[in-house]
Amino acid sequence: MNMKVAEKDVLVHCHHVTCAYGDVAVVNDVNFTLRRGEFAGIVGPSGSGKTTLLKAVLGSIAPVHGSIDMLKGLRMGYVPQVESVDWNFPVTVLEVIVMTRSEKKWWPRITAAERAAAEDVLERLGLGGLSGRHIRELSGGQQQRVFVARALFHSPDILVLDEPTSGVDVRTRHEVLHLLADLHDAGMSVLLTTHDLNGLAAHLPRLICLNKEIVADGSPREVLVPDVLEKLYGAPMHVLEHGGMPVVLDHSENPMVGRFGGKAV
Amino acid sequence: MHSSLMYALNLGEPYGFQFFRNGTFVALIAGGLCGLLGVFVVLRGMSYIGHGLSHAVFGGAAASAVMNFNYFIGAGIWGVVSGVLIGRIARRRIIGADAAIGVVTTASFALGLALLNRYGQAKRSIEAVLFGSVLGVKNSDIIAVLVVAVLATVVIVLGYRKFLFSTFDPEVAEVSGVKVSFMEAALMVMLSLTILVTMRVIGTLLISALLVIPAATARMLTNRFSRMLWISPLIGASSAFLGMNVAYHTNTSASAMIILVGASAFTCVYFGSGVRGRRRMASFGHL
Ligand SMILES: Nc1ncnc2c1ncn2[C@@H]1O[C@H](COP(=O)(O)OP(=O)(O)OP(=O)(O)O)[C@@H](O)[C@H]1O
Ligand SMILES: [Mg+2]
Numbered sequence: 001m002n003m004k005v006a007e008k009d010v011l012v013h014c015h016h017v018t019c020a021y022g023d024v025a026v027v028n029d030v031n032f033t034l035r036r037g038e039f040a041g042i043v044g045p046s047g048s049g050k051t052t053l054l055k056a057v058l059g060s061i062a063p064v065h066g067s068i069d070m071l072k073g074l075r076m077g078y079v080p081q082v083e084s085v086d087w088n089f090p091v092t093v094l095e096v097i098v099m100t101r102s103e104k105k106w107w108p109r110i111t112a113a114e115r116a117a118a119e120d121v122l123e124r125l126g127l128g129g130l131s132g133r134h135i136r137e138l139s140g141g142q143q144q145r146v147f148v149a150r151a152l153f154h155s156p157d158i159l160v161l162d163e164p165t166s167g168v169d170v171r172t173r174h175e176v177l178h179l180l181a182d183l184h185d186a187g188m189s190v191l192l193t194t195h196d197l198n199g200l201a202a203h204l205p206r207l208i209c210l211n212k213e214i215v216a217d218g219s220p221r222e223v224l225v226p227d228v229l230e231k232l233y234g235a236p237m238h239v240l241e242h243g244g245m246p247v248v249l250d251h252s253e254n255p256m257v258g259r260f261g262g263k264a265v
Numbered sequence: 001m002h003s004s005l006m007y008a009l010n011l012g013e014p015y016g017f018q019f020f021r022n023g024t025f026v027a028l029i030a031g032g033l034c035g036l037l038g039v040f041v042v043l044r045g046m047s048y049i050g051h052g053l054s055h056a057v058f059g060g061a062a063a064s065a066v067m068n069f070n071y072f073i074g075a076g077i078w079g080v081v082s083g084v085l086i087g088r089i090a091r092r093r094i095i096g097a098d099a100a101i102g103v104v105t106t107a108s109f110a111l112g113l114a115l116l117n118r119y120g121q122a123k124r125s126i127e128a129v130l131f132g133s134v135l136g137v138k139n140s141d142i143i144a145v146l147v148v149a150v151l152a153t154v155v156i157v158l159g160y161r162k163f164l165f166s167t168f169d170p171e172v173a174e175v176s177g178v179k180v181s182f183m184e185a186a187l188m189v190m191l192s193l194t195i196l197v198t199m200r201v202i203g204t205l206l207i208s209a210l211l212v213i214p215a216a217t218a219r220m221l222t223n224r225f226s227r228m229l230w231i232s233p234l235i236g237a238s239s240a241f242l243g244m245n246v247a248y249h250t251n252t253s254a255s256a257m258i259i260l261v262g263a264s265a266f267t268c269v270y271f272g273s274g275v276r277g278r279r280r281m282a283s284f285g286h287l
């Protein structure tokens, strides 16, 4: 009985998943379970296989070993990296949002019901009144939210985001973080990847540290520790605490430290 | 008064000829059809594919002319097969894919030219394919252009959102359940058919221009995909119609005039729409 409840709770379960391009394995023997209502981030250095693992979860690439089980009929809302979007493409915010719906009807005009539903999602994300804008004519934070809105339009069970804060400024990062936290509070499950340890990862309930293999899996307090970070990045790192949260100091990438007589912390 | 009446009569004069009426009708539909498919060609940065495909089809057309084979069947099979293959090669982004496509399609074109030199009796029909011969259109050409135009319109209207989604954002489209490779194959087949049926009207050498100019012009005029989808065919059809008439009165090549009218429209819009309009073309890459 209890088992059944637990089963229904599992959205995605990766079982010894290995992914490869050609002969080169880039994700190796990964196991993790994602339950309904979770908010998890995959962190790791560049080229560690974060995007690849995300694509495997999304089903756009097949693992060469292992299996990925999903809740039957699971609906995923995918938000791509903003850098991968062609901002010059001739579409308005409304056109982007209703794009995911391709139900059977012969004339493609956006119906009043679709428009109302889209306006509703936009309103919820603080984008009210922008539906007629071209996607280029928006701020960075608004652009990011349009794609979140598109993912939400189909009422997904889980939101999947690839690097939602890369290439955006500090303010936009805050906007995105708050938006995701609000959605999570409202019951949405979220899986994302990020490079940003302090700005984003440290704020999430769960981090999966990936460097081809899973190095650690747990809360920021558990995994953002020097041992794990050294394994993850292959370089020693210091961790401070600020306001009850871990702050990772990255020495290896700061050649200026000590140059002008400044002291390493 | 008198002279303007004469002028008006003169403008109507070519319409007294059956061949001109047929030619104008075919050019009008061909222009609209190229404008429609051109939207996808331009937005996907596939203009080199349109160019390559028209050259590949020329080889097929020449071969069928020499072998006395029906043009639509011979060049059609050749065109659709090369279209789907080129689409698949280009999609996988294999390094050097564009060079490979260039080499193969140019070779196909060269083969066509060689056949043209070697076999005199097929020369006329091959030349028509090369330069286009709007005034020599047969009933079969009219029917073929009409069939493809209706087919393309129906397919694009019915698959509107899937075509839009897989053009704008193929990766997310795939995850959302759109069969992106199927949509791309469908586009390549329609593009091949379009090139096939408009080739004898516009000519191999100018067809890729008719695939690009109306769509690029439309892009500067609007920021909406849905509008681009009717503005571009409208520009294509109007250029064809005007070009035909100008060609008659100036005694020049119809297909050349169609392209020149289109290019003038492009130029006017380019300078008329200012920096904003021009910026919209930024994503086209190389045209
Ligand atoms: N389409 C591909 N074909 C071949 N190799 C690839 C492909 N995509 C990624 N790779 C390789 O797989 C490895 C993992 O890439 P992936 O994009 O998953 O890393 P990532 O952790 O998302 O990196 P980043 O943080 O830079 O986005 C890298 O070494 C990359 O070079
Ligand atoms: Mg990545």
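Sequences listed follow chains D and U, in order. So for the first sequence, the working numbering puts the first residue at 1; every next one is plus one. So for the second sequence, the working numbering puts the first residue at 1; every next one is plus one. Even glycine gets a Cβ: it sits at the ideal position worked out from N, Cα and C. All of these numbers come straight from a predicted model, not from anything done at the bench.
With a CB to CB cut of under 6 Å and the five nearest residues on each side skipped, what residues in its chain are close to S64/U? Y71, G74 and A75
Identified DSSP bridge partners for L191/D: A40/D and V160/D
According to DSSP, is Y21/D part of a helix, a strand, or is it coil? Y21/D falls in the strand class under three-state DSSP.
Should H65/D be listed as close to ligand 1, given that the test is whether its C-beta is under 8 Å from any heavy atom? no
Residue from P156/D, A201/D, G234/D and E114/D whose Cα sits closest to the Cα of Y270/D: Nothing in the structure corresponds to residue 270/D, since chain D is present only between 1 and 265.
Among the residues of its own chain, which have a CB less than 7 Å from the CB of W87/D, if the five just before and after it don't count? I135 and R136
Burial state of M302/D (16 or more Cβ within 10 Å): Past the boundaries of the shown model lies residue 302/D; chain D is included only from 1 to 265, so the question cannot be answered.
If you check the beta carbons only, do L197/D and L240/D fall under 9 Å apart? no
Chain-ordered chain U contacts of F89/D [CB-CB under 9 Å]: L43, T167, F168, D169, F225 and S283
Cutoff 9 Å: V157/U Cβ touching any chain D Cβ: yes
Spatial distance of S67/D from A152/U (CA atoms): The alpha-carbon atoms of S67/D and A152/U are separated by roughly 41 Å.
Mind checking whether V261/U and S239/U have CB atoms under 9 Å apart? yes
Under 8 Å Cβ-Cβ, which residues of chain D neighbour S176/U? Y78, T100 and H154
Would you say T194/U touches ligand 2, meaning its beta carbon is less than 8 Å from a heavy atom? no
So what does DSSP say about F165/U, is it helix, strand or coil? helix
Anticipated Cβ contact below 8 Å, G141/D with T172/D, distance rounded: 4 Å
Spell out a yes or no on whether the segment 91-109 of chain D and the segment 57-71 of chain D are touching, meaning 3 or more CB-CB pairs, one atom from each, closer than 8 Å. No contact exists between the segment 91-109 of chain D and the segment 57-71 of chain D.
Below 7 Å CB to CB, which residues in the same chain sit around T167/U once its five sequence neighbours on both sides are set aside? Cβ neighbours of T167/U beyond the five flanking positions: F40, L43 and R44.
Can you name the residues that DSSP bridges to V10/D? R35/D
Any chance the segment 30-45 of chain D sits against the segment 4-20 of chain D, with 3 or more Cβ pairs inside 8 Å? The segment 30-45 of chain D, when compared against the segment 4-20 of chain D, does touch it at the 8 Å Cβ threshold.
By Cβ distance below 6 Å, which residues in the same chain neighbour I258/U in space, the five residues on each side in sequence not counted? S239, A240 and G243
Can you tell me whether V150/U is buried or exposed, with buried defined as 16 or more other CB within 10 angstroms of its CB? exposed
Which whole-angstrom value is the C-beta distance of V145/U and V197/U, which I expect to be below 8 Å? 5 Å
Start-to-end residues for the alpha helix (DSSP H) that takes in L240/D: First-last for L240/D: H238 to H242, but that is the beta strand (DSSP E), not the alpha helix (DSSP H).
Given this structure, state the Cα-to-Cα distance separating N22/U from P14/U, to the nearest angstrom. 11 Å
Does any residue of chain U bring its CB to less than 9 Å from the CB of A264/D? Interpretation of A264/D is limited by its pLDDT of 48, a score under 50 that renders its predicted location unreliable; the figure taken from the coordinates is listed afterwards. Answer no: the Cβ-Cβ gap between A264/D and chain U never drops below 9 Å.
Tell me which residue opens and which closes the alpha helix (DSSP H) that G83/U is part of. Y71 to R91
Check whether the segment 28-38 of chain U and the segment 171-182 of chain U touch, using three or more Cβ-Cβ pairs below 8 Å as the test. no
Run through DSSP, which three-state label would S232/U get? If DSSP states are grouped into helix, strand and coil, S232/U belongs with the helices.
Integer-rounded CB distance, given that C209/D should sit under 8 Å from V190/D: About 17 Å; that fails the 8 Å criterion.
With a threshold of 8 Å (Cβ to nearest heavy atom), would S46/D be considered close to ligand 3? Annotation note on ligand 3: not contained in the displayed structure, which lists ligand 1 and ligand 2 as its ligands.
Segment contact, 8 Å Cβ cut-off, at least three pairs: the segment 107-123 of chain U with the segment 53-68 of chain U: yes
Closer than 8 Å: is that where the CB of Y233/D sits relative to any heavy atom of ligand 1? Distances taken from the Cβ of Y233/D to the heavy atoms of ligand 1 include none shorter than 8 Å.
The alpha helix (DSSP H) that contains V225/D, what's its start and end? In this chain, V225/D is not harboured by any alpha helix (DSSP H), its DSSP state being neither H nor E.
For a contact meaning CB atoms closer than 7 Å, what does M228/U contact in chain D? In chain order: P90.
Just how far apart, CA to CA, sit H286/U and V178/U? With a pLDDT of only 49 at H286/U, under the threshold of 50, the placement of this residue in the model should not be trusted; the figure read from the coordinates follows. About 28 Å.
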